[in-house]
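Below is one structure, written out as C-alpha cells; comments come after it.
In mature numbering (1 follows the signal peptide of the UniProt record, and there is no 0), the protein residues as written are -24 to -1, 1 to 859.
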C-alpha cells in the first residue's frame, strides 16, 4: 500500500496518488496498446462466498448479522472512513447498532507500523533467507500477538507480490525471495502464525506489482500494465497466492497496476474468476490505498472493500463508494446481491478469527505519539481525546527477531577460513552502516533515508524502531578497543595497518515505495542500480589496498553487483546481513566471532552483471505516452530459472550459503504416497451460500438521520432525501443508471474444474512423494544448521517447456554438533509435479504414466549432488549437478 502517516503532507498524497474522479464508470484514461495475446477477459458475476466447509460456521453467523443491517450500514462496512481519519492506516465504517465495530487495518508486513512499544522485526527478505519454516512461523506468531495487543483487526501482510522478478524492484525486500515456492511457503506460514492470534492476514499485492515507478493511475497516464500469459501467471506469480488461500487467508489486497490492460482493483477475471472461483477464496478483497478508480465496475468485478475510502484525490470528502454505493444499489447499478456478498465476506472473516469475542479496540494512534490528539486528524475541526494508551506489546519478541536476523546472515565467501574472527585480533570497522543513525533510528519519515544501520527499506512496509542494537556496539562488547571510521569514504590519513589487522567494511543498498524518492531512487533502485550506495564499492577497494584481510558486510534490500572487488585477494569474506531490523548487532557479532555458524542462504541469485538477465527483467519500464507496458516476455524464466536455461553462471546462485562447518547427505529414500493421474479427480460441487432478499431496499435506509453532526472529510454512507428518492425511483422500475460491462451475467457458476476448495482442487494438495535424507555435520569444530533444498526436474520428452530445476520444498535441520546427524523429510504434492495447461485450463501431471521425475537435493540451486527418481524409487549421491 501507499505509505501513510500523520506527518505525510498533501504534497505526497496529491503527488503520488493524484487521479481523476470516477464515480462508477470504466477505468481511468485511454490505455496504450496491450499486446494482443494478453487478454483480460470478463468474468461475472462475483462468486458468492461461504460454500467452503471450513468457513460455514463463520458465514452462518455473518448471514444472521448482515440480515439485520440497513443499506447504509452495509455500504458503510465496505469502505474506509477516509485517509488520516482514524487511529489506524485504514479504518472501515461500522454498524454498531447491530454490534459490528469499525475495523482497524494496519501496516506493516514486518511489525505494527506507526506505533510505539512494538518490535521492528527483520524484513521479509531476511526471513526468507533463513530457509527455516519454524523461524518463519515463530516470527509470524510474535507479529500476530503484537497486532492483537495493539487492537488491530487486519494485518496488512504478508507480501508475496512483488515476487522479485526484477532485481531493481523497490519493494522486493517486503517479500521472501525471488521464487514462488519460497514465497508461497513463507507466506502461508506467516498467515498461519498471525491468524492463530485472531488477526486477519492480508496477502498482497494481487498481482504483477513488480516495479514501483508508474504503478499508480493519475490524470496523465494509467498505471502500467503487467502483461502476463496464463501459464506464467499460474506457475509463477499466482503460486504463492494459491498457497495463501489454501492456508485460509482472510483478506487479499489488489495491486495498483493493471494486468493485461485492466486495473487490478476492477479486474473481473483476476478477482471473480481466478481468486474467488478457481482458488475458492472465502475472505474479502480490498483495494490498495487510493487505487480504487471505479465504483460500479469494481463492485461488479468482485472488490469487497475500498481503502482508505477516498477517491484517488483524497482529503476532499469524496468517495467512489459509501454514499455512491448506496445510490448505486438504490438505482439498480450494483445488485443488492453483490453488496450482501461483500458485507458477508467481511463479517465472516471477523467471525472466523474470533474477533466478535473480546477483541481489543485500537489503543494507539498512527498519527501522533502524544497521549491526546484529534480523533479525526484529517478534519479541519476534529473533536479531541485520548488516542494513545502506550500499551507495550514487545514481550520477549526481540529473541525471535534476533534469531531470524542471525540465521538469515548469508556467508557468500570465506577464503582461508578468515571467519570466524578471534576477540584477540586487531579490528578496524569502516562504514556508517555499522552504527545507528546519529539523528535517531526513526529520524526519517517512513525510514525514507539511508543513514546509519540499514534495518529495513522505506515506505509503508516499515515499523518504528524501539531501538537499534547496532553492529559497532556489539563488536565492541567483544573487542573493546576496536577502531571505527564512521564514514563511507576511506580516511585520507590512515596509518598503515599491521599484517594481522582486519578491516570490517559495511556497505548498503536501499529501496522502498514510490511515495518517496531517496538519493535519486524513486522507490525502485533506478539511480543506484545494483551498486552499493555511498560509494561503498570504492570503500571496499580502498580498504583492500591497505589491509590483507577485509570482511565485507552488506545490509541490502536485494542483490548487488560485487565484481569490482569480490575477487580481490585481500577480500577474504563476504556476508549479506540483508535487512536485520532492530537486532542488527548481536545477531551479526555472534556470527562474526563464531558463537553461531552462519546458516542463511540467498533468496535470489547474484549475477556478475545486471545484463545477465534479459531486458524484461533487468530494466525498469520507463515513461510512455498512454499506458506503460511491462510485458513478461521471459515467461517462466526468472532468476535462477533463466540463468540455468541460458547457461549463465552467476556469481552466487539462488540458495547459496556457506557455513563454518560442512555437511553431507546420506541414506536418501523416496516413497510414493498418492497414485497420480493426468488430471486431478473431479471437483465436488460448491456448497450452499447465504441467501438474502434481492429486492431493492426502501430509500429510507440510506437517508441521513435527523440532526446528525457531520465531520468534514469523514466519509459517510447516507444520501439526502431527494438523492435517495431519485435513485430508488430508477431502481424500483427495474432499470438502472449505468450499463453493465460486456460479458456481465447474474447467474452463479459451478466454478472451473481446477477449483473446488481453498487454493483450488483439493487433490492438488495431495502428497505424491516423500523424500527423506540424513544430514550429518562432518566438521570437527563448529556446530551448524543445514538447509536441505529440494528441486524438481520434469521428465524428458513431455510436451511442455519447463525450467531445468525448480525449488519445490526446503527444510532446516536443528543445530547439529560435529558428528551429529538428523533425518529430514520433504514433500512433493500433485501441484508440485503439475504444469498449467492453457487449453484444458487445468493442472496436468505430464509424467503420471511412469515417466521419470528427478528430485534433486542439495544446499543451493547449483549444489545438487543427490538425486531421487520417481520411476525406479531409487536415490543416488555424488552426482554432477544438473546445472
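We put the beta carbon where it would ideally sit given N, CA and C, even for glycine.
- The three-state secondary structure of residue 217, taken from DSSP, is helix.
- Non-local beta-carbon contacts of residue 158 in its own chain, meaning distances under 8 Å to residues more than five positions away in sequence, involve 104, 107, 152, 579, 783 and 786 in chain order.
- The C-alpha of residue 385 is placed about 40 Å away from the C-alpha of residue 243.
- Counting C-beta atoms within 10 angstroms of its own C-beta, residue 601 has fewer than 16 neighbours from the protein chains shown and is therefore classed as exposed.
- Looking at the DSSP output, residue 532 bridges to 485.
- Straight across, the Cα-Cα distance linking residue 650 with residue 656 is about 12 Å.
- Distance between residue 329 and residue 73, taken at the CA atoms: about 21 Å.
- Distance from the CA of residue 253 to the CA of residue 658, rounded to the nearest whole angstrom, comes to 15 Å.
- Closest in alpha carbon position to residue 21, among 708, 805, 144 and 272, is 272.
- Between the beta-carbon of residue 117 and that of residue 169 there is about 4 Å, and that keeps the pair under the 8 Å contact cut.
- Between residue 278 and residue 226 the beta-carbon gap is near 16 Å, outside 8 Å, which marks them as no contact.
- Under the three-state reduction of DSSP, residue 15 is assigned to coil, being neither helix nor strand.
- At a cut-off of 4 residues, the continuous stretches assigned as alpha helix (DSSP H) that sit fully inside the region 567 to 596 are 591 to 594.
- Where residue 45 is concerned, there is no enclosing alpha helix (DSSP H), because DSSP gives it neither an H nor an E.
- In this model, residue 818 and residue 727 are separated by some 12 Å (Cα to Cα).
- Cβ contact annotation for residue 420 (same chain, cutoff 8 Å, sequence separation greater than five): 413, 427 and 434, in chain order.
- Beta-bridge pairing by DSSP links residue 210 to no other residue.
- No Cβ-Cβ contact shorter than 8 Å links residue 858 with residue 823.
- Where residue 349 is concerned, the enclosing beta strand (DSSP E) starts and stops at 348 to 350.
- Remark: fewer than three beta-carbon pairs, one from each stretch, lie closer than 8 Å, so the region 363 to 373 and the region 531 to 542 are not flagged as touching.
- Under a 10 Å Cβ-count criterion, residue 38 is classified as buried, with 16 or more other Cβ atoms of the shown protein chains found around its own Cβ.
- Per DSSP, residue 843 is one residue of the beta strand (DSSP E) stretching across 839 to 845.
- Annotation for residue 131: 123, 170, 175 and 177 place their beta carbon closer than 6 Å to its own, counting only its chain and skipping 5 residues before and after.
- Scanning its chain for C-beta atoms nearer than 6 Å, with the 5 sequence neighbours on each side dropped, one finds around residue 747 the residues 646, 802, 831 and 844, in chain order.
- Between residue 86 and residue 99, the CB-CB gap stays under 8 Å.
- The continuous alpha helix (DSSP H) containing residue 318 extends over residues 312 to 328.
- The DSSP-derived three-state label of residue 738 is helix.
- When secondary structure is reduced to three states using DSSP, residue 651 falls in the coil class, being assigned neither helix nor strand.
- Taking 4 residues as the shortest admissible run, the region 411 to 476 contains the following complete alpha helix (DSSP H) segments, listed from N- to C-terminal end: 447 to 454.
- Your pair residue 489 and residue 188 checks out as a contact, with CB atoms roughly 6 Å apart and the cut at 8 Å.
- By the criterion of a C-beta distance shorter than 7 Å, residue 223 is surrounded in its chain by 164, 167 and 168, once the five residues flanking it on both sides are discounted.
- Where residue 303 is concerned, the enclosing alpha helix (DSSP H) starts and stops at 299 to 306.
- Sequence-distant Cβ neighbours of residue 502 in its own chain, meaning closer than 6 Å and more than five residues away, are 596.
- At least 8 Å separates the beta-carbon of residue 510 from that of residue 493.
- For residue 808, same chain residues with a beta-carbon under 6 Å away, outside a window of 5 residues either side, are 784 in chain order.
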